[in-house]
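Numbering (this note's numbering), first residue to last: 61 to 355.
Everything on this sheet refers to the single structure shown next.
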Amino acid sequence: MAAAVMPGRCRCGRDPCGALCLLLTYLSVGYADYVVLTHVLPQPGFRGSLWCPFHAVAFNLVVLLLLASHGRAVLADPGVVPLPATAIDFSDLRSGAPRSDEDWTVCNRCETYRPPRAHHCRVCHRCVRRMDHHCPWINNCVGELNQKYFIQFLFYTGLASLYAVGLVLAAWLRPADRSPVGTAAGMGGDISESRFQTAHCIVLLVESVLFGAFVTVIFYDQVMSIITDETPLEQIRDRVLKEASREATRSRKPKLALLREVFGRGFVICWFFPCNCSAPAGTGPAYSYLPNYDV
Ligand SMILES: [Zn+2]
Ligand SMILES: [Zn+2]
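Encoded structure:
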């Protein structure tokens, strides 16, 4: 008999490192937006042209999508394996009774059965379906149900970083900025303000390059883990097992099908928005933590 399924509600334990990273993320995004709006776009290269309001709206749109996808990644259930309503009797495990579904394993910490590809997170203290890793930047696990939002967050962070670098460089290199009239000194001799502005732009450049490079690497790893159908945890395991049983248990799906399992089966354009255009495959209330066992 399969016991009733507990609601899949687990909010991951908020560790101090995760809370600090969340704060750092919001401060960094807020600072980048502040510098772009108050120190980059008002520069002579943009001021007075239609490009100024255009870039202001476009940059804030990217920032909005970044924050929306980040919020979804933070708050969404990553795919926590529900705990049983009552304690499970594992005595049949010790008796060596034959199993009808050997893919399911037992988590000694959660004291429950867990589906294939679920792993225990030591920060969240719960098992998570197709767990990729625990990310302090979203203070949550990256798992089957929130990986899409996490990748969107990486994408928009990279895009915002690239955009910010482009705006700073454009403001510095545009001809109007090099003209005597265009310089801050030429427009009123406020050299200290110009230095203040330049300092903010340099900090923004450094921040954008660091964050941009960081998220690009993680974005690449995430996409590769999807199209190879192997999470980092499984890569480590398979390295140990030398893929002994993997070929027998894992189907070779097309890359597009694997991407659709994470991003949904709607139009590809929906992959870029942090909304539930269509639920990823394998999700939904039909999930049971005890599909084939009698306890
Ligand atoms: Zn567990
Ligand atoms: Zn976790």
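For each residue, glycine too, the CB sits at the ideal point set by N, CA and C.
This structure is a prediction, so every number in the text was calculated from the model and none was measured.
Excluding five sequence positions before and after Val202, the CB atoms of its chain that fall closer than 6 Å to its own CB belong to Asp192, His193, Cys195, Phe210, given in chain order. Sequence-distant partners of Asn336 (beyond 5 residues in either direction) whose C-beta falls short of 8 Å from its own C-beta, in its chain, are Gly324. For Thr85, the CB contacts under 8 Å within the same chain, skipping 5 residues up- and downstream, are His130, Trp197 in chain order. Here His185 carries a coil assignment [DSSP, helix/strand/coil].
Residue state for Arg174 is assigned as strand, using DSSP reduced to three classes. DSSP places Val122 outside any beta strand (DSSP E); the residue lies instead in the alpha helix (DSSP H), whose first and last residues are 111 to 135.
Trp164 and Val122 have their C-alpha atoms roughly 41 Å apart. When secondary structure is reduced to three states using DSSP, Val141 falls in the coil class, being assigned neither helix nor strand.
In the DSSP assignment, Cys330 is bridged to no other residue.
The continuous stretches of alpha helix (DSSP H) do not include Thr288, and DSSP gives it neither H nor E. Not a single heavy atom of ligand 1 lies less than 7 Å from the C-beta of Arg320. Asn206 and Asp281 have their C-alpha atoms some 16 Å from each other. The Cβ atoms of Ala79 and Asn200 do not sit closer than 8 Å to each other. Taken from the Cβ of Cys167, at least one heavy atom of ligand 1 lies inside 7 Å.
Boundaries for Thr98: no alpha helix (DSSP H) harbours it, and the DSSP string shows neither H nor E there.
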